[in-house]
Amino acid sequence: MLPDTLPKDPVILLSFINTQLRDFYPDLSSMCKALQISKPDLIYKLYEIDYEYDPAVNQFR
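Just so you know, we're using our numbering here: the sequence shown kicks off at 12 and counts up by one.
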């Protein structure tokens with residue numbers, strides 16, 4: 012489950028997550044732990060709009 016404080020719109024969520032990853036976190040696991048986000052739920056939510064996490068660039072693409 013994703014926290015209620017995250018954007019509901021998947022495209023805005025994508026932008027928010029990629030900004031967080033770029034500016035504050037070395038990887039997806041660190042961000043999810045710090046923000047108390049379910050990593051599998053986040054991955055699935057963004058997969059629904061055809062985005063997958065790329066650890067080489069630390070972004071969803």
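Cβ atoms here follow ideal geometry from the backbone N, Cα and C, with glycine treated the same way.
Computed from a prediction, not measured in an experiment: that's the story for all the values here.
Can you name the residues that DSSP bridges to residue i?
{"i": "F71", "result": "Y64"}
Should residue i go down as buried or exposed, given a rule of 16 or more other Cβ atoms within 10 Å for buried?
{"i": "K56", "result": "buried"}
{"i": "F71", "result": "buried"}
{"i": "Y62", "result": "buried"}
Measure the C-alpha to C-alpha separation of residue i and residue j and round it to an integer number of angstroms.
{"i": "D52", "j": "D65", "result": "16 angstroms"}
{"i": "R22", "j": "I60", "result": "Before going on, a small fix: residue 22 reads as Val here, not Arg. V22 and I60: Cα-Cα distance of roughly 8 angstroms."}
So, with DSSP's three-state summary, where would you put residue i?
{"i": "T30", "result": "helix"}
Would you mind listing the alpha helix (DSSP H) stretches within the segment 39–66 that are 4+ residues and don't spill past its ends, in chain order? Fully enclosed alpha helix (DSSP H) runs of 4 or longer: 39–46, 50–58.
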